[in-house]
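When the sequence shown is numbered by my numbering, its final residue is 1260 and no position is left out of the sequence of numbers.
The C-beta atom is built at its ideal place from N, Cα and C for all residues, glycine as well.
Here is the structure we will look at, set down as structure tokens.
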Amino acid sequence: MSGSELETDTLETGPENMVAIAMSTLGRMPIYGVRQALPEGGNISWFFYCGEYSDATDFYQPVHTAHLRELLPAVVKYLHLPVGTRFIIDDQGYEDVWRAE
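What follows is the structure, given as structure tokens:
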């Protein structure tokens, strides 16, 4: 995806106003983001973690998007991207954004 597709200054995420963040991983690198299809009756499609992934059932915690600028500001510009988008970024300028098929 090109840089112009990522430029935004909004916290618009679609129909939901919540995301899921692995809070215990904050401060680690790289940062991973995955946008899944919103489940019926669900309100979270974006999932973020930093560093190593865990399949523990309590790995992610729900967070209002209003708190993202404070907790994980680097992901804000990706929130408008469509379902199926994944990304990896770090604090050294690395960025890889793609759509899962």
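Taken through DSSP and simplified to helix, strand or coil, tyrosine 1191 comes out as strand. Across the structure, arginine 1258 and arginine 1245 are spaced so that their CA atoms are roughly 6 Å apart. Between the alpha carbons of tryptophan 1205 and leucine 1238 lies a gap of roughly 8 Å. DSSP places glutamate 1260 outside any alpha helix (DSSP H), giving it a letter other than H or E. Secondary structure within the stretch 1208-1258: the alpha helix (DSSP H) runs of 4 or more consecutive residues, fully enclosed, are 1227-1230 (chain order).
Judged by beta-carbon spacing, aspartate 1255 lies beyond the 8 Å limit of methionine 1188, meaning their Cβ atoms are not closer than that value.
Under the 8 Å Cβ criterion, the stretch 1179-1188 counts as touching the stretch 1200-1218, having at least three qualifying pairs. A Cβ-Cβ separation of about 11 Å leaves alanine 1233 out of contact with isoleucine 1247 under the 8 Å criterion.
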